[in-house]
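Each remark here refers to the structure printed beneath this line.
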Amino acid sequence: MGSPMYGFHNQNNILYLKLFFILLFMGCIPDRTTNLPSNQLLATPTSSPHSLNLTAALETLSLDGYFTFKNNHHAAKDFGNTFQSLPLAVLHPKSVSDISSTIKLIFELGSASELTVAARGHGHSLQGQAQTHGGLVINMESLKAQQMQVHIGEQPYVDVSGGELWINILHETLKHGLSPKSWTDYLHLTVGGTLSYAGISGQAFRHGPQINNVYQLEVVTGQGEVITCSENNSPDLFYGVLGGLGQFGIITQARISLEPAPKMVKWIRVLYSDFSSFSKDQEFLISSENSFDYIEGFVIINRTGLLNNWRSSFNPKDPMQASKFNSDGRTLYCLEMAKYFNPNETDVMDQRTESLLLLLHYIPSTLFLSEVSYVEFLDRVHLSEIKLRTKGLWEVPHPWMNLLIPKSKIHDFADEIFGNILTDNINGPILMYPVNKTKWNNNTSLVTPDEDVFYLVAFLSSAVPSSTGTDGLDQILTQNRRILEYCDRAQLGIKQYLPYYRTQQEWKAHFGPQWQAFIQRKSSYDPLAILAPGQRIFQKAIPIL
């Protein structure tokens, strides 16, 4: 059911009339170029009478938060560190009304205004998706000061701001012995950010992605309307926003499903020398009723001293045999598993874990185990971030590529990619693990392959600045293109996760049969294409087709 519109001050209504005449006068200003900002260049908006008038209009709004019009270079960057577009202004909202009234103003300006809006969370987009050249960036983390509300009952949940970080949600819900069911590998991301894509990690085979574990959303549409939606109230908007790449509205609040939280985790890694056994065991585990609670996999190419590196976090089951294992010059496959438990359940957990491991076909000498707290396990990637930051290796280009591969094609994919295209290690991990589509809700905007089981394969490379070698940005991008070209040539039926395309024709191919529903939702909730221009799906003032 739609929430009532937040009240607007009378001066804002007067302002709309003034701006109407301003824009009539400015109709002779030439249209902007349709070319997008160049890769790795800082696209700076030029000062013009038009931009000055827009600045004046924004400044007239009565807000709980505030705008900044200078020193906004942080909003022109993201984790990918390859695209940079400087906005006209950044909104630091302190209320949903701030976001609503600002978008309402921009919508009232109509298509004659070039102003667009990008919601920015913790800045972890990869290709400028949360940027807008000469537009308005909304700093969603300014909203996270709102207090989280944990509700305990048969179906526990927590109400959180769209700008809240998942790591903070974890700490708050644990105070009540609860936690969300599904995670991402990295928790220092905002709720609105991950729900706009999917939110996938090793729990997705059991609980589905994060977008499957949401009861309700509060959304500000591209018309400035504030709507509370769920599967029963405004379901078209609810499912459209989940996985909708920010195209239909900005998530300002979410109701997240919770479950009882464990205190400890048995964390396990094993290696395989052949892909067939590796994939077979993964598929067996995700289809088993009494399996692990977390299942992921990695591809490791020509890593020296691999098991010795593991010893900093894991203990080998057989230290003598592990010390003899040689990983040099080999392509290996790591299966990573976790079993959740409480201290009084240790014996039962050990028995179940041992029973599951006996059914697998890994290299016996490579069994490594560890017991850590639930928080330490879930926040494990943050420890790597801290180490990389101290070495100055965090804020480098990250030309990541994430693919969803149908189960029936995964062997063809692995043979070509790891046999011919990638013959040496990349500067970063390669994730590879299957998920059950039966655990995913098909009503959302997320696009997946047309099979019940598919694999997430993520090439998480970091480029070395100024390098012209295999670890340089150009070489990694070329490698990514070769992988995509092979997938297209072999007609594997893959889909990109965290997709990036340059043309609407490519987006049409990505969405396939879902494209018509996607553009219908765009026409309904953001008819002027104000929201999320960095996705490069629609352009403002160009008809939605």
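According to this note's numbering, the sequence shown holds residues 1227 to 1771 in order. From the three backbone atoms N, C-alpha and C, an ideal C-beta is built for every residue, glycine too.
Worksheet entry | Residues near residue 1708 in its chain [Cβ-Cβ closer than 7 Å; skip 5 each side] | 1647
Discussion item. DSSP has residue 1632 in a bridge; who is on the other side?
Written reply: 1680
Item to complete: In angstroms with no decimal places, state the Cα-to-Cα distance between residue 1263 and residue 1586.
Response: With a pLDDT of 36 at residue 1263, under the threshold of 50, the modelled position of this residue cannot be trusted; read the value that follows with caution. Spanning the two alpha carbons is a distance of roughly 50 Å.
Fill in: Own chain, CB closer than 6 Å to residue 1420, minus 5 neighbours either side, in chain order
1410 and 1436
Worksheet item: Alpha carbon to alpha carbon, how far is residue 1639 from residue 1597?
Response: 34 Å
Worksheet item: Which residue from 1441, 1464 and 1458 puts its Cα closest to that of residue 1452?
Response: 1464
Worksheet entry | DSSP three-state assignment for residue 1409, whether helix, strand or coil | coil
Worksheet item: If you draw a straight line from the C-alpha of residue 1406 to the C-alpha of residue 1644, how long is it?
Response: 35 Å
Practice prompt. Decide if residue 1628 is buried, meaning its Cβ has at least 16 other Cβ atoms within 10 Å, or exposed.
Written response: buried
Discussion item. Tell me which residue opens and which closes the alpha helix (DSSP H) that residue 1533 is part of.
Written reply: 1532 to 1536
Worksheet item: Is residue 1417 closer than 8 Å to residue 1480 when the C-beta atoms are compared?
Response: yes
Practice prompt. State the DSSP-derived secondary structure class of residue 1662, mapped to helix, strand or coil.
Written response: strand
Worksheet item: Nearest-angstrom Cα distance between residue 1439 and residue 1588?
Response: 33 Å
Worksheet entry | Span separating the alpha-carbon of residue 1767 from that of residue 1345 | 20 Å
Practice prompt. Note down, in chain order, each residue of its chain lying with its Cβ closer than 6 Å to the Cβ of residue 1696, except the 5 sequence neighbours on either side.
Written response: none
Worksheet entry | Local Cβ density within 10 Å of residue 1365, reported as buried at 16 or more and exposed below that | buried
Worksheet entry | Opening and closing residue of the alpha helix (DSSP H) in which residue 1780 lies | Examination of residue 1780 is not possible in this model, given that the chain is present from 1227 through 1771 alone.
Item to complete: Measure the C-alpha to C-alpha separation of residue 1491 and residue 1564 and round it to an integer number of angstroms.
Response: 6 Å
Discussion item. Extract the residue ranges of the beta strand (DSSP E) inside the segment 1464 to 1537, only unbroken runs of 3 or more that lie entirely within it.
Written reply: 1475 to 1486, 1490 to 1498 and 1520 to 1527
Discussion item. Quick check for students: name the residue ranges of the alpha helix (DSSP H) that lie wholly in the segment 1722 to 1766, counting only runs of 4 or more.
Written reply: 1730 to 1737 and 1741 to 1751
Item to complete: From the DSSP output, in three-state form, read off residue 1375 for me.
Response: strand
Practice prompt. Verify whether the separation of the beta carbon atoms of residue 1519 and residue 1577 is less than 8 Å.
Written response: no
Worksheet entry | Own chain residues within Cβ distance below 8 Å of residue 1722, not counting five before or after | 1627, 1628, 1629, 1630 and 1736
Worksheet item: residue 1424 and residue 1362: beta carbons closer than 8 Å?
Response: no
Worksheet entry | Distance CB(residue 1525)-CB(residue 1658) smaller than 8 Å | yes
Practice prompt. Please work out which residues of its chain come closer than 8 Å, Cβ to Cβ, to residue 1467, disregarding the five sequence neighbours upstream and downstream, and give them in chain order.
Written response: 1421, 1422, 1443, 1445, 1455, 1474, 1475, 1477 and 1671
Fill in: Segment contact, 8 Å Cβ cut-off, at least three pairs: the segment 1498 to 1517 with the segment 1536 to 1554
no
Worksheet item: For residue 1337 versus residue 1609, is the C-beta distance shorter than 8 Å?
Response: no
Worksheet item: Which one or two residues does DSSP pair with residue 1346 in a beta bridge?
Response: 1365
Practice prompt. Assuming residue 1450 contacts residue 1330 (C-beta within less than 8 Å), just tell me the rounded distance between them.
Written response: 3 Å
Practice prompt. Check each candidate in 1758, 1662 and 1632 and name the one with the smallest Cα separation from residue 1426.
Written response: 1662
Fill in: Check whether residue 1731 and residue 1763 have beta carbons under 8 Å apart
no
Discussion item. Let me check one thing: in DSSP terms, what residues is residue 1656 bridge-paired to?
Written reply: 1525 and 1685
Discussion item. If I measure Cβ to Cβ from residue 1375 and keep anything under 7 Å in the same chain, skipping five residues before and after, which residues do I get?
Written reply: 1384 and 1385
Discussion item. Between the alpha carbons of residue 1752 and residue 1325, how many angstroms are there, rounded?
Written reply: 15 Å
Discussion item. Given this structure, state the Cα-to-Cα distance separating residue 1287 from residue 1458, to the nearest angstrom.
Written reply: 34 Å
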